[in-house]
Amino acid sequence: MSLELPAAGSPRGVLAIGRSVRRVRPIILPIVTLTAVLLLWQLAAVRLHIPSVLLPTPSDIAQEMWHALPLLVDQAVPTALDTLLAFAAAAVLGIGLAIVITYSRPLRDTLYPNLVFFQLVPKVALAPLFVIWLGYGSPARVAFAAFISFFPVVISAALGFAGTDPAVLRLCRSLTASEWRSFLLVRFPFALPAIFSGFKVAMTMAVVGVIIGEFISSQAGLGHYILRAGSRLETADVFAALVALSVLGVALYGAVALAELGVRRAYGRR
Amino acid sequence: MALLDAISGADAAVPNGRILRLVLLPLGFAAVMIALWQILCQTLQVRPILLPPPSAVWTVLRDNYAILLDQTLPTLSESILGFVVASVLGVAIAVALTSSRWLREALYPGIVMFQLIPKIALAPLFIVWLGVGETTSVVVAVFIAFFPIVVSTATGLVSAKPEVLQLCKSLTASEWQIFRMVRFPYALPYIFAGMKVGVTMVMIGVVVGEFITAQNGLGYIIMFAAGAGETATVLAAIVLLCVIGLGLYGVIGLAELLVLRWFGGEAPISGVI
Amino acid sequence: MSTDKLAPSIEVNGVSKVYRAGTAAAVEAVSTVSFTVPQGQFVAILGPSGCGKSTLLMMVGGLEAVSSGRLIVDGKPMTGPRTSIGVMFQDPTLLPWKSALDNVLFPVRVLKRSIADHRAAANNLLQQVGLDGFEHKRPHELSGGMRQRVAICRTLIYDPDVLLMDEPFSALDAISRDEMNELLLDLWQQFTKTALFVTHSIREAVLLADRVLVMTRRPATIVEDLTVPFARPRSMALGENREFNEICRHLRERIEDGHGRSRAPRAGTTTRRHEAAR
Ligand SMILES: Nc1ncnc2c1ncn2[C@@H]1O[C@H](COP(=O)(O)OP(=O)(O)OP(=O)(O)O)[C@@H](O)[C@H]1O
Ligand SMILES: [Mg+2]
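Residue numbers (numbering that gives the first Met the number 0), protein chains in the order written: chain A, 0 to 269; chain B, 0 to 272; chain C, 0 to 277.
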């Protein structure tokens with residue numbers, strides 16, 4: 000076995016080992032850190048007799064996850080569906096409004112500052128109003144989540160469309176391309192990175208919106224589950240649901256990132 | 000507003016037309032929308048529990064300002080405290096991360112991961128730990144506002160031009176000198192960009208904290224009034240929240256403006272959000 | 000200039016540099032280069048892009064370690080950066096938030112010398128490079144040529160004995176570049192320092208330098224070591240001199256030969272010219 004390794008002790012061998020360690024370090028180190036934190040947590044909780052109401056051990060949480068898995072999946076489904084619906088609505092409406100803003104100067108001047116204003120104010124405060132308007136069901140949560148994730152899409156997309164290289168647009172005009180064609184062939188691909196960075200923010204905002212909606216209005220969903228478990232001091236349940244929610248959040252974000260990769264490749268790997 | 004200029008493009012030559020376009024048009028639009036809201040509420044006889052007219056919101060603000068102000072103060076102090084703690088903590092951790100390669104490689108992926116998960120969902124956990132009170136709102140706010148500040152600051156701290164760093168090395172500058180004289184000033188615009196995101200996050204954290212701890216503050220007023228069907232009060236509280244949010248954002252924006260002016264015209268990033 | 004009487008300032012003895020040594024991606028940037036620069040001599044280095052000129056300069060400045068060979072500056076082997084060596088880059092690398100004057104004083108701050116003692120000298124330098132009245136302007140208010148002048152002053156303020164310049168004027172337009180050359184000729188009348196000056200312009204090299212080294216394509220070795228015979232003070236008018244143009248033509252040929260040598264048999268001349276132009 001040792002024959003396969005570069006001779007230890009010889010400077011080249013040591014160098015080679017050092018190099019391969021350096022290459023995998025960025026992958027290994029975070030995993031090692033995570034493991035160390037979990038181990039420390041487990042040890043501290045057991046040794047210091049921290050009550051599990053305050054801080055359940057990682058093994059408690061894992062056990063809870065295993066037992067409650069069907070329940071968690073059940074709760075994750077409405078949360079995921081609401082989030083996806085809200086995101087889709089925000090994406091379509093946001094891009095639509097961004098196009099309108101890009102092509103109409105008066106509308107742009109009128110609407111854009113108001114959009115920025117709305118981007119800055121704490122929109123979450125409006126959550127209870129959506130409940131008043133749309134009741135305690137899923138429509139209120141979807142509408143609220145769409146409402147808060149809509150603004151990042153409009154603003155990034157509008158910026159992306161406006162940031163198109165003016166020389167290329169001039170080239171299109173010199174080729175007598177129609178507005179629509181130059182939008183399709185130039186503005187849209189130019190704006191893709193900006194649009195997708197808006198989408199990524201929007202997806203995280205949509206999850207946040209749905210969770211807040213579930214906090215204040217719901218009888219189902221992971222947000223509701225977390226709040227209920229918290230109020231019953233079933234802290235391990237809270238953690239299990241948080242893990243599930245994190246997985247959901249990362250998966251949804253990953254879906255957007257993957258879509259971006261696909262679209263960019265379709266447009267020739269920009 | 001740099002973004003607006005970028006979008007609306009040229010013709011800076013007509014200052015009067017510009018002011019009209021950039022200030023009066025959006026304000027006029029907002030005024031028209033509010034007027035329309037008032038007229039529609041009156042002519043269509045919309046039930047005030049669904050949508051009270053602006054005049055009703057104004058009445059609430061005028062008649063109950065003492066109570067509202069009482070509830071505004073805790074929200075304001077929670078927001079400021081949350082923002083200050085998040086900023087100090089965020090910048091400090093970013094400095095630690097960028098000063099050690101090992102720390103960076105060990106912790107940065109986790110921090111980026113944390114950016115992606117809905118941290119607001121941890122709010123009930125903080126109630127378990129800290130009980131229902133102002134501390135919980137502040138901690139929730141710090142917790143969600145701190146990540147964007149770390150990421151932005153860390154990006155800024157490694158953004159100094161490599162040639163400038165080489166110049167410093169050729170002058171035999173110490174790491175501390177390089178940090179103080181070059182890295183930190185270069186990072187300032189990024190720090191402000193992070194703090195601007197942080198300010199909006201702090202407001203979300205404080206409001207959600209008050210929603211679910213239900214002790215005091217504007218978030219509590221909103222939940223309470225919404226439960227009682229007093230929608231005009233909800234809207235009045237929202238107006239006050241907007242004032243706090245914009246006020247804080249304005250202070251950061253102003254500080255940023257001064258710093259960027261000091262920084263000179265070559266500020267590496269700019270923008271509203 | 001009778002070079003051999005003066006003590007050597009820079010001794011480069013069989014120096015090589017291999018980036019990422021030992022890996023599959025190893026790049027030998029400089030290969031057993033040797034030359035000696037006496038004190039006070041201005042040496043220009045010419046060579047095709049990517050041949051390792053910057054690498055060589057960074058090694059002399061102590062900013063890159065040598066892979067093998069010996070590198071001695073002012074009698075001491077190089078182990079790291081030294082304050083007796085000043086470096087100038089293609090980019091002026093000014094700090095955008097500091098005024099021209101404060102940028103010039105930046106090394107004084109770093110070296111913890113007295114600002115008050117150097118303020119007059121800094122103003123003096125700025126005046127000499129034609130920037131009086133611009134002391135309190137910040138980089139974004141200055142033109143590219145003005146910024147590079149500030150960078151020159153910044154290098155001169157702490158009075159290093161050796162100057163290393165890596166294509167300091169190649170980002171400038173042709174007219175500013177001529178002005179900078181003239182300025183450097185002027186400054187050289189007062190500050191006689193040892194200098195290594197990397198450039199892509201043959202005429203600039205011959206105009207400014209006492210001696211021109213020509214390097215080959217990577218890994219760089221020296222194929223020509225030419226002493227420029229013109230006495231100082233020189234002026235831009237030298238460019239019309241017949242001998243000047245002869246020297247330039249000779250150097251151009253040597254650079255093209257250098258290409259041919261490391262690229263196997265001599266193919267069509269046009270391709271080689273084309274590569275030289277890149
Ligand atoms: N840090 C590095 N790591 C790996 N390779 C490098 C590094 N720096 C330079 N090289 C390689 O070394 C070679 C020489 O680079 P160098 O910058 O010294 O060339 P140069 O002669 O200054 O080129 P130019 O005229 O374009 O400035 C190049 O092939 C380059 O790719
Ligand atoms: Mg170079």
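Built from N, CA and C at the ideal position, the CB exists for glycine as well.
- Compute every distance between the C-beta of residue 204 of chain C and the non-hydrogen atoms of ligand 1, then say whether any falls below 7 Å. Reading the third sequence from its first residue, position 205 is the one you call residue 204 of chain C. Checking the Cβ of residue 204 of chain C against ligand 1 gives no.
- Comparing alpha-carbon positions, which option in A:248, A:223, A:244, A:251 lies nearest residue 136 of chain A? Taking the first sequence and counting its residues from 1, the one referred to as residue 136 of chain A is at position 137. Out of A:248, A:223, A:244, A:251, A:223 has the C-alpha closest to the C-alpha of residue 136 of chain A.
- Message: ligand 1 and residue 68 of chain C: does the residue's C-beta get closer than 7 Å to at least one heavy atom of that ligand?
- Response: The residue labelled residue 68 of chain C in the question sits at position 69 within the third sequence. Distances taken from the Cβ of residue 68 of chain C to the heavy atoms of ligand 1 include none shorter than 7 Å.
- Task: Might you give, ordered along the chain, the residues of its own chain that have their beta carbon closer than 8 Å to the beta carbon of residue 129 of chain C, omitting 5 neighbours on each side?
- Result: Counting from 1 along the third sequence, the entry for residue 129 of chain C is found at position 130. Here the set comprises 148, 182.
- Query: Where are the alpha helix (DSSP H) runs, 4 residues long or more, that stay fully inside the stretch 6-91 of chain C, in chain order?
  - Reply: 52-59
- Determine, using beta-carbon pairs with one atom in the stretch 183-203 of chain A and one in the stretch 50-62 of chain A, whether at least three such pairs fall under 8 Å. Segments in contact, no.
- Query: Just how far apart, CA to CA, sit residue 47 of chain A and residue 41 of chain A?
  - Reply: By 1-based counting over the first sequence, the position of residue 47 of chain A is 48. By 1-based counting over the first sequence, the position of residue 41 of chain A is 42. Taking the CA atoms as reference points, residue 47 of chain A sits about 10 Å from residue 41 of chain A.
- Message: Relative to the C-alpha of residue 199 of chain B, which candidate in B:166, B:175, B:121, B:79 has its C-alpha closest?
- Response: Within the second sequence, numbered from 1, the residue matching residue 199 of chain B stands at position 200. Nearest C-alpha to residue 199 of chain B: B:79.
- Which partner residues of residue 82 of chain B appear in the DSSP bridge assignment? Translated into the one-based positions of the second sequence, residue 82 of chain B becomes position 83. Residue 82 of chain B is not bridged to any residue.
- Which partner residues of residue 198 of chain A appear in the DSSP bridge assignment? Locating residue 198 of chain A in the first sequence gives position 199, counting from the first residue. Answer is none; residue 198 of chain A lacks a bridge partner.
- Could you spell out the range, first to last residue, of the beta strand (DSSP E) harbouring residue 197 of chain C? Position 198 of the third sequence, counted from the first residue, corresponds to residue 197 of chain C. From DSSP, the beta strand (DSSP E) with residue 197 of chain C extends over 193-197.
- Message: Between which two residues does the alpha helix (DSSP H) holding residue 180 of chain A run?
- Response: Taking the first residue of the first sequence as position 1, residue 180 of chain A is located at position 181. That run of the alpha helix (DSSP H) goes 178-181.
- Message: So that I know if they touch, is there some Cβ in chain A lying closer than 8 Å to that of residue 28 of chain B?
- Response: Taking the first residue of the second sequence as position 1, residue 28 of chain B is located at position 29. Judged by the 8 Å Cβ criterion, residue 28 of chain B is in contact with chain A.
- Message: Between the alpha carbons of residue 6 of chain B and residue 161 of chain A, how many angstroms are there, rounded?
- Response: Counted from its first residue, the second sequence places residue 6 of chain B at position 7. Counted from its first residue, the first sequence places residue 161 of chain A at position 162. Confidence at residue 6 of chain B is low in this model, with a pLDDT of 41, below 50, so its placement is unreliable and the value that follows should be read with caution. Using only the alpha carbons, I get a separation of about 5 Å.
- DSSP three-state call for residue 233 of chain A: helix, strand or coil? Start at 1 with the first residue of the first sequence, and residue 233 of chain A comes out as number 234. If DSSP states are grouped into helix, strand and coil, residue 233 of chain A belongs with coil.
- Item | Beta-carbon neighbours of residue 184 of chain B, restricted to chain C and to distances below 8 Å | Taking the second sequence and counting its residues from 1, one reaches residue 184 of chain B at position 185. By Cβ distance, chain C contributes 94, 96.
- CB of residue 107 of chain B to nearest heavy atom of ligand 1: below 7 Å? As a working note, residue 107 of chain B is residue 108 in the second sequence. No, Cβ of residue 107 of chain B sits at least 7 Å from all heavy atoms of ligand 1.
- Message: Suppose contacts are defined by Cβ-Cβ distances below 8 Å. Is residue 231 of chain B in contact with residue 47 of chain B by that definition?
- Response: Looking up residue 231 of chain B in the second sequence gives position 232. Looking up residue 47 of chain B in the second sequence gives position 48. Closer than 8 Å, so yes.
- Task: Jot down the residue ranges of each uninterrupted alpha helix (DSSP H) in the stretch 118-164 of chain C, minimum 4 residues, whole runs only, in chain order.
- Result: Qualifying alpha helix (DSSP H) stretches, in chain order: 143-156.
- Item | residue 212 of chain C: first and last residue of the uninterrupted beta strand (DSSP E) it sits in | For this step, residue 212 of chain C is matched to residue 213 along the third sequence. 210-214 is the extent of the beta strand (DSSP E) around residue 212 of chain C.
- Selection of the stretch 33-64 of chain C by Cβ proximity to chain B, strictly under 7 Å: 60, 62
- Burial state of residue 9 of chain B (16 or more Cβ within 10 Å): Working through the second sequence from its first residue, we reach residue 9 of chain B at position 10. At residue 9 of chain B the pLDDT is 40, less than 50, meaning the model places this residue with poor confidence; the figure from the coordinates comes in the next sentence. Classification of residue 9 of chain B: exposed, given that the 10 Å Cβ count is below 16.
- Item | Residues with C-beta closer than 5 Å to any heavy atom of ligand 1, in chain order | Checking every Cβ against the heavy atoms of ligand 1 under 5 Å gives C:18, C:26, C:28, C:48, C:49, C:50, C:51, C:52, C:53, C:54.
- Straight-line CA distance for residue 88 of chain A to residue 208 of chain A? The sequence position of residue 88 of chain A within the first sequence is 89, counting from 1. The sequence position of residue 208 of chain A within the first sequence is 209, counting from 1. If you take the alpha carbons of residue 88 of chain A and residue 208 of chain A, they lie about 13 Å apart.
- In three-state terms, what does DSSP make of residue 274 of chain B? What is shown of chain B runs 0 to 272, which leaves residue 274 of chain B out entirely.
- Message: By DSSP's criteria, residue 226 of chain C is part of a beta bridge. Which residues make up the other side?
- Response: Your numbering for residue 226 of chain C matches position 227 in the third sequence. In the DSSP assignment, residue 226 of chain C forms a beta bridge with C:210.
- Query: Is it true that the CB of residue 84 of chain C sits closer than 8 Å to the CB of residue 10 of chain C?
  - Reply: As a working mapping, residue 10 of chain C is identified with position 11 in the third sequence. As a working mapping, residue 84 of chain C is identified with position 85 in the third sequence. No.
- Message: Is it buried or exposed, residue 190 of chain C, if we count other Cβ atoms within 10 angstroms and call 16 or more buried?
- Response: Translated into positions along the third sequence, residue 190 of chain C becomes position 191. When all chains shown are included, residue 190 of chain C counts as exposed.
- Item | Contact list for residue 248 of chain B against chain A, beta-carbon separation under 8 Å | Numbered from its first residue, the second sequence carries residue 248 of chain B at position 249. Under the 8 Å cutoff, chain A gives 119.
- Message: Which complete beta strand (DSSP E) runs does the stretch 144-188 of chain B hold, if anything under 3 residues is left out?
- Response: none
- Task: Could you spell out the range, first to last residue, of the alpha helix (DSSP H) harbouring residue 64 of chain A?
- Result: In the first sequence, counting from the first residue as 1, residue 64 of chain A sits at position 65. Where residue 64 of chain A is concerned, the enclosing alpha helix (DSSP H) stretches over 57-102.
- DSSP state of residue 220 of chain B mapped onto helix, strand, coil: Along the second sequence, read from residue 1 onward, the residue named residue 220 of chain B stands at position 221. If DSSP states are grouped into helix, strand and coil, residue 220 of chain B belongs with the helices.
- Item | CB contact flag (residue 100 of chain C, residue 125 of chain C, <8 Å) | By one-based count along the third sequence, residue 100 of chain C stands at place 101. By one-based count along the third sequence, residue 125 of chain C stands at place 126. Contact flag set, yes.
- Task: Give a yes or no on contact between the stretch 172-184 of chain A and the stretch 82-97 of chain B, applying the rule of three or more CB pairs nearer than 8 Å.
- Result: no
- Task: Report yes or no: is there a C-beta of chain A within less than 8 Å of the C-beta of residue 109 of chain B?
- Result: If you number the second sequence from 1, residue 109 of chain B lands on position 110. Yes, residue 109 of chain B counts as interfacial toward chain A.
- Item | First and last residue of the uninterrupted alpha helix (DSSP H) at residue 178 of chain C | What you label residue 178 of chain C is simply residue 179 of the third sequence in a count that begins at 1. Segment 173-189, the alpha helix (DSSP H) holding residue 178 of chain C.
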